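For the protein sequence lines, the chains are A and B, in the order given.
For the first sequence, my numbering begins at 798 and goes up steadily by one.
For the second sequence, my numbering begins at 397 and goes up steadily by one.
Glycine residues also receive a C-beta, built at the ideal position from the N, C-alpha and C atoms.
Everything numeric in this text was worked out from a predicted model, so none of it was measured.
Read through the structure below, which is laid out as structure tokens, and then see the notes.
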Amino acid sequence: MKKVVRNIAVLSLSVISLGSCKKDFLEVTPKGKLIAQKTVDYDLILNQSSLHQFMTFSPMVMGDEVTGSPNFATLGFGASTLADQEAFKWADDIYLPSITDSEITAFVKQVYSYNKVIKEVMASAGGTEAQKKSILAEALTGRAWVHFMLVNLYGKPYHAATAATDLASPLFMTPDVTQTAFTRATVQQLYDQIIADLKEAIPLLPATISNRARAARPTAQAMLGKVYVFMQKFDEAAPLLNAFIDALPQATTNVGLYDYHKEFAPGGIFLPIDPMYGPSRLMVDLDKEVAYMKSATRMYAAGLDGVILSSWAAALFTPGDERLRFYSPQTWITYETYPNGMLRAWGQSYANLGVTVPDVFLLAAECKARLGQLAEAAEDIKNFRLTRVPASEAPVGAAVAGNKLALVKYILEERIREMAITGNRWLDMRRLSVDPDFAGTVGDTHHIVDIKGNITGTYKLRPERLTMRFPIYVMDNNPNMGNNP
Amino acid sequence: MVWVAVLTIAAQPLWAQNISLSAKQQPLSRLLPELKRQSGYQFFYNDAMLGKATPVSLEVKEMPLKDVLRIIFKDQPLTYAIVAKTVVVKDTVIASMINVEGIVRDESGMPVAGVSIQEKGKAKGAISGSDGRFAISGVGSNSTLLFSGLNVEALEIKLNGHGDLAAVTLRTKVTALNEVNVAVSTGYQTISKERSAGSYAKPDMKVIAERSTSMNILQRLDGQIPGLVINNSPSATADGTPFLIRGLNTINSDKNPLVVVDGIAMDVNKITTVNPQDVADITVLKDATAASIWGARASNGVIVITTKKGKAGKLKVSYDGFVNFQGKPQYDYFPMMNSSEYIKAAKEVFDPVYMPYTRATTYDPLNSVYGLSPDRQILYDISRGVLTQEQGNAKLDSLSRIGNLASIGDLYRPARLMNHTISVSGGSEKHTFYNSFAYTDNQSYLPGSSDKTFKLNTRQDFNFNRWLKVFISADLTNNNTNDNRAIVADNRFIPYQLFRDGSGRPIDMPFMGYLSERQRPDIENAGKLNMNYNPIENANTGYTKAATFNGRFNTGLTVQLYKGLCFEGMYGYVKESGRRRLYDDVSNYQQRYNILNFAVVGSNGVVNYNMPTKGGKYTVYNTSLDNWVVRNQLYYDKNWQGGKHQLTALAGAEAQQQRTVQNRSTVYGYDVDLQTFPLLDYKSLTTTGVMYPILPNQIDKVSSKLSAGDSETGAYFGESESVPLSRFTSYYGNVAYMFNRKYNLNASWRNDQSNLFGLNRAAQRKPVWSVGGKWNVGNEPFLQPATWMEALSIRATYGLTGISPRPGSASSYDIFNPSIVRYVPGGQALAIATLSNPDLTWESTKTYNLGIDFTVLHGRLSGSIDVYKKRTENLLGNLPVNPLAGANFIFGNVGSLNNNGLDVALNSVNLQTRDFSWSSTLNLSYNKNKLTNLGLITTPITRGDQMIGKNYVVDYPAFSVFAYKYAGLDAMGDPQIQLADGKITKAQNVSKPEDIVYKGVYQPVWSGGFANMFTYRGVTLSVNMSFNMGNVMYRPVNTLYSGTVNVSYLNFRAGNIHEEFANRWRQPGDEKVTDIPGFIANASTSSSRRYINYYTKGDVNVVDASYIKVRDITLSYQVPAKVLQLLRAEGLSFRAQLSNLMLWKANRYGLDPEFSNNTAPGSAAAMPFNQKAITVGAHLTL
């Protein structure tokens, strides 16, 4: 009997221990990892730095304002790649087949995050409806920016007559990495989507700019204004661009135009000027003129001297222009003087392609000029230049100020003075190439020169290369998508 | 009845193969001793039995023993069986009491002493002697014998003594004894091999115990297990496949087999905590029936290790010790240039136009600009006019006369591995124990380093009464290592640079650091810090000291519940606590550099260092591992109808947890003695950093920052789970049924659930299972007449095993990692770590196995042959996705692959006399695999270049090696390839997949071992060879075709040039005599004009990687019994061993594939070491 009791006791003990694993035994979360569920998680997703900064932006060396320097051959030396050499030559395929990091891969990674937030944030837990909508609107703004870049890299410049048939990049609307088939959308479809996203976002966004990395209503308005400029709809663009400028004083972070005179004076933030590396404008997140950060690494202003400012672009500056301090007349390390007045950029190691304050000021002035408000435009330009050049050099000459075409051309040149070797000129070249009044201002020749000024290489921009081709490895994976010619 | 057992040891000097006998009506009692004398065989019989026999007449000359026996036993009421060298004579008439005799042997045929054999429920019993023999008289013919001992614990054998199968009865008894020899452990249960249809393999434990090159028990298995490939080549290490059982079953999950020690799974990297001397038994589980009990972790096969236990009887003290002399590494192994060749080549490729002096000497580590090697400094000095051509040439000539091989050799000391193990075991019926203490000193070839391990292992087994048994064990390991900052150099370093001058003083080499000699004085002046570098003096400027304590604690109990039903509980806990300290003094070169990274010179010349200039950088890692397992199972073992039906069943549940937490703290300026350090402003050092320091470390070239990440170079504190908290609950069961000792059926089932983060619960409901059958053909009556065949069985199994994704590595949802972004609101962000894959599921492998086991020719030849097919589906891996989808890859189910193969194990006793024996073992495995599918979302391969360097391509085996079809050089010295259409080209990006040649695989196709053991009296010579064959590798070729030749930062295994560089193309016409492309200094010109990989990845450079090595030759001497008696010892042996001798290799370049096969991406050729090592050892038993 005793034995039976003992057996039962042991058996029941073992049965209990077999079944005693509670359900929550398996409900543990590994440290340091997270699935987005709460509204605040989606907010933090928009903080990831890959949404604000990226490495590769070939148009920086594709504008007509640059020239290949005597060191062009060593442009691929070390950390840089051969892709920039090919981009400078406006070659068809600028990336080797083995290169898997290009503009489009950086942008589609960004758009994945935006699409994820757009799809999921409204169903997230813990946030108010207003918070969710604000986050949604920021993601829509980010997606619009990505599509704006893609349409301007891979589609023909916007031309109302052909936009509905010109092919650009695919539209990226769903966060699903298992997608295999991608179809190119038309330029019109992309612009329509960009406008729709921004129009949906603008009323939902915070009214004031509080952080450069995050979207606000004024930045989205500025972005939509720029989109309209690229569609040559200056009347629709103007109020949006002005709204941004008007909203600057309300910003809770330091956003606005630098006064170069002040910043290059003792105590100014562009100081000290290092003999090797130039002025001190190296932190994009502290840059007052960055309103919405989408910043690319600018190697050619941080040491590498393969590509420099061409003679004609250097000649656009007036002698007292403080912006010249962001250029050095000498080669890097070897300190030889460039021929023909060419200049090497230095001291600013990034190029912002999101919303940049001077870009918006100049676009707004251009709209005014194009819409015939010449006096106002000239006044705006003068005020803008006062922050850059001595007061004597600031006014636009009367002959220019009174002539619409001349004034617009002057503003376009001011854009070069303001934003050379950043890629912005390339974007301008594209939109101007379909603008009959200004197509003639677009250069189509790149030279490489040696230290004595001899031209050692000449490259011509063919019209079809105003659109970039998709990189080879993208086409390897999407053979049916069809590349640009 | 009185039974007299006659056990006679034949004592004749000569051994006769055949019998010559002349007899007329002689009784068997006279004939058998004569047969014994002539044959040398043992005979088991008793006189009473022989009394029943009729006398025999015969006349034979030179007739084999078995034929003689057939004649003698014809028409007798007796029968006989031959097992190994023993003839057992049995009565065909069954008495109610019988005699049991036999030999207990282990699986390799060695006798096992001290096994207790007891009639169940009775007092009768015996203990096997030192030769393994035992005899019990007067045992009930229907009774059950209980065998207990080291390998035969709790094995019960029903003596099937009933009448109608009289002849089988004898055999059965003998077979049953064999069964004792091959018990296999699955980690959950120990069962006789006879009763399982699974595919198991066991090594020769004597070889394992004596193999002394490594204290890693798994490494000692090399060549011992058919189907287990051990590959130590750089390719396999980089790929994580040094141990593969039956090919590759997964691509991106853990490829290692599951290792189980005393029933509990162990991280394969921790296996060195098991002292090989404590290991009693190893079983390798290969097919689904063997392994599926391990469920979701068993796809790669399972290696089950059982450690020693005490046994009842005399107190036994053993000592085993060895010293393994490994010598210095082969630092002259690589085919590099000597000094004069090097200087000549360096002159030829020098191009100060492409790389101007200022650029080559300006601090720019991000572009790989470091100091200039002495020869380059001279060349620049000539070109700059600092030296005249004559002066420069004179300097270069003197460099070209210096050879530094001896100087490199002096950096090393001979490596040595030493182990001493003392064990004490023994006990009574109620309590047995095994205790061992071990000391291991692993002295590497780097002076100043040490690695010492102390171990204490104890196991106590208690038999409280007939129904309760409890064991408890603890295996404690304490390991201390110490390393300084000694450099590792070999002949890939610039060949003229000595390390010590003529008077023995260490030589300065500042050029090996970040600064050129042009800049160094200015920077030293500015920073007020010496930036010289002396590799030998620098060795003692820092240390890494680690102390690790590991304890494995197991306890378990067995409760006999009711008639064959018992409860088994098993509770294991592993605790490891490690502390690793890294200290680098400010005198260390890297620390001095680090100071200058943050040092800013003020306008008055005063240096603000921003970093401490005293003390050193001090990092402490604390690692804590906690793993536990709780297992409760019910075990049922029953046989009825006199053993005609045998049933075992097992059902249980298991819960386990694994977690390793590591935390780290790093401080700068630490004073080791005072334990003080200054506080730094980490916030500004990591965010804004320091602007315009003397030596910037950021890409902007004007600032320096501390990394903000969790690393030694960054934040001062970090904690992470290096093994994320993983939990499993599992339910399992299996059943084995055997009918009439001939027909077996096995089935098993298991379900695992885990805390796999973010995985759909539905994906977890994937039980694994297996079924198998075995037919012991040898026990069929129709095979009884075939006396040459002792045993034959056929096995067939089928089942499913699986691999689950690691926690956090894969998910049905997007998984984010927190990150720090300084400028965003709150400073925190979430970045995507793993993109979601809604289609994610478990990886699963279906395994078919067909096997045959046999013993023939009186035990002279035995073996097993297995053929298998494995079909793995839903492979987990990094799935390349469409680049437009928003990621480079995701973790997902990549596709499927299959493995087909063959495992053969053969053991033969080639010669056996009383004094001499020669036995051989061949283990052979063949594996062929193929990737049949890489999923729906795979990267289409449209160009040939994509295939080069890819190891996993659909329709090809895993580990594939692809190459260009090399077509020689063109007239410019540029490499060309031949396309499939016959066209020869040097154009880039033109090849299509069909233009690429498949050359084979870099993992062996054929692998195994061949062992021979010769014994003469007390002397044993064993020769164990292992081979890996059928694979290929890229041979190392010259890679210098453009750019500059220079040293790289603190790297003493680079700088020299491959000797084939001298044979490169130099001028038109050379292409007729050389395949090696020409040199073009300008890297852009070179890469735009030609594609060097056409040569370096050309088919001409793929060579056969097959080799055969003698893994070890061991000569051991067993001290004779007479001497032992004098010493009062039970056993004493000495051994000498020679390890790792290259016997044959297929390539003609002198490459040892174990060190040169660096074909897998990310692997690098290594300097050979531990070759031709010599071991001396002794083993003493008291």
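Item checked: Test: B/Ala-661 CB closer than 9 Å to a CB of chain A -> Taking a beta-carbon distance threshold of 9 Å, B/Ala-661 does not count as an interface residue toward chain A.
Q | B/Phe-987 versus B/Lys-1101 - alpha carbon distance | A | Before going further, note that residue 987 of chain B is Gln rather than Phe in the sequence given. The alpha-carbon atoms of B/Gln-987 and B/Lys-1101 are separated by roughly 15 Å.
Closest by C-alpha distance to A/Lys-906, when choosing among A/Glu-1060, A/Thr-1049, A/Pro-972, A/Ala-1012: Answer by Cα proximity: A/Pro-972.
Is B/Gly-594 near the ligand ZN, with its Cβ less than 8 Å from a heavy atom? In the structure shown, the ligand ZN is absent, as is every other ligand, since no ligand is present at all.
Legend entry - Three-state secondary structure (DSSP) of A/Thr-1153: strand
> Between A/Phe-1123 and the rest of its own chain, which residues show a CB-CB distance below 7 Å, the 5 nearest in sequence each way excluded?
Replying inline: Gly-1075, Pro-1076, Ala-1142, Trp-1143, Gly-1144, Gln-1145
For this session: Can you check the segment 682-738 of chain B for any alpha helix (DSSP H) of at least 4 residues that lies completely inside it and give the ranges in chain order?
Result: 684-687
- Residue range of the unbroken beta strand (DSSP E) whose run includes A/Gln-834: From DSSP, A/Gln-834 is part of no beta strand (DSSP E); its letter is neither H nor E.
Handout entry: Spatial neighbours of A/Lys-1179 in its chain, beta-carbon cut-off 8 Å, leaving aside the 5 residues before and after
Key = Ala-1191, Pro-1192, Val-1193
Assuming B/Lys-1549 and B/Gly-1345 form a contact by the criterion Cβ under 8 Å, report the distance between their Cβ atoms to the nearest whole angstrom. The question names Lys, but residue 1549 of chain B is Pro in the sequence shown. Contact doesn't hold; Cβ gap of about 19 Å is too wide.
| request: Assign B/Leu-1522 to one of two classes, buried (16 or more other C-beta atoms within 10 Å of its C-beta) or exposed (fewer than that). | output: exposed
Can you look up A/Pro-1282 in the DSSP assignment and give me helix, strand or coil? coil
Contact the segment 1097-1115 of chain A vs the segment 856-869 of chain A: 3+ CB pairs below 8 Å: yes
Review point. With a CB to CB cut of under 6 Å and the five nearest residues on each side skipped, what residues in its chain are close to B/Leu-454?
Key: Ala-419, Ile-467
### Message
With a threshold of 8 Å, are at least 3 pairs of Cβ atoms found where one atom belongs to the segment 815-822 of chain B and the other to the segment 730-738 of chain B?
### Response
no
*Does any CB atom of chain B fall closer than 9 Å to the CB of A/Asn-1008?*
yes
Check: What's the C-alpha gap between B/Arg-616 and B/Arg-607?
Finding: 6 Å
query: Taking three-plus beta-carbon pairs below 8 Å as touching, is the segment 1128-1142 of chain A in contact with the segment 741-758 of chain B?
result: Touching, per the Cβ criterion.
Exercise. Residue range of the alpha helix (DSSP H) that B/Leu-992 falls in?
Worked result: 985-994
Practice problem: Could you name the residues of the same chain whose beta carbon sits closer than 6 Å to that of B/Ala-935, not counting the 5 residues immediately before and after it, in chain order? | Solution: Asn-880, Arg-881, Ala-882
Let me confirm a value: B/Glu-1176 is counted as buried when at least 16 other C-beta atoms fall within 10 Å, else exposed. Which label applies? B/Glu-1176 counts as exposed, since fewer than 16 other C-beta atoms from the protein chains shown sit within 10 angstroms of its C-beta.
- prompt: Beta-carbon of A/Lys-913 versus every beta-carbon of chain B: anything under 9 Å?
  reply: yes
inquiry  = Considering only their Cβ atoms, is the gap separating A/Gly-1022 from A/Ala-785 smaller than 9 Å?
reply    = Outside the modelled stretch of chain A, which goes from 798 to 1282, sits residue 785 of chain A, for which no answer is possible.
Return the residues of the segment 1270-1291 of chain B that lie within a Cβ-Cβ distance of less than 7 Å from chain A, sorted by chain order. Val-1277, Asn-1278, Pro-1279, Leu-1280, Ala-1281, Gly-1282, Ala-1283, Asn-1284, Ile-1286
_Tell me the DSSP secondary structure of B/Ala-442 in three-state form._
It is worth fixing the name first, because residue 442 of chain B is Asn in this sequence and not Ala. It is a strand residue.
Original post:
At least one CB of chain A closer than 9 Å to the CB of B/Ser-1483: is that the case?
Top reply: Chain A, which has a Cβ nearer than 9 Å to the Cβ of B/Ser-1483, makes this yes.
query: What's the C-alpha gap between B/Leu-1246 and B/Pro-622?
result: 15 Å
*asked:* Assuming the contact rule is C-beta atoms closer than 8 Å, B/Ala-1354 and B/Leu-1327 should be a hit. Round their C-beta distance to whole Å, please.
replied: The Cβ separation is near 6 Å, so the contact holds.
Q. Can you find at least 3 beta carbon pairs, one from the segment 1080-1093 of chain B and one from the segment 1031-1046 of chain B, that sit closer than 8 Å?
A. Output reads no: the segment 1031-1046 of chain B does not touch the segment 1080-1093 of chain B.
Next item on the list: Anything in chain A within Cβ reach of B/Tyr-1088, meaning under 9 Å, just list it in chain order.
Entry: Pro-1069, Asp-1071, Tyr-1074, Ser-1077
_Quick check on A/Phe-854: does DSSP put it in helix, strand or coil?_
coil
- Message: Going by DSSP in three states, B/Ala-1560 sits in which element: helix, strand or coil?
- Response: coil
| message | Whether or not the segment 1385-1400 of chain B and the segment 1506-1519 of chain B are in contact is what I'm after, with contact meaning three or more pairs of Cβ atoms, one per stretch, closer than 8 Å; do they touch? | response | Between the segment 1506-1519 of chain B and the segment 1385-1400 of chain B, the count of C-beta pairs closer than 8 Å stays below three; the two stretches do not touch.
First and last residue of the uninterrupted beta strand (DSSP E) at B/Met-814: 811-823
query: If we call anything under 9 Å between Cβ atoms a contact, is B/Val-1498 one with B/Arg-1413?
result: no
key: For A/Phe-945, the nearest candidate out of A/Gly-924, A/Ala-1004, A/Ser-931, A/Asp-989 (CA to CA)   = A/Asp-989
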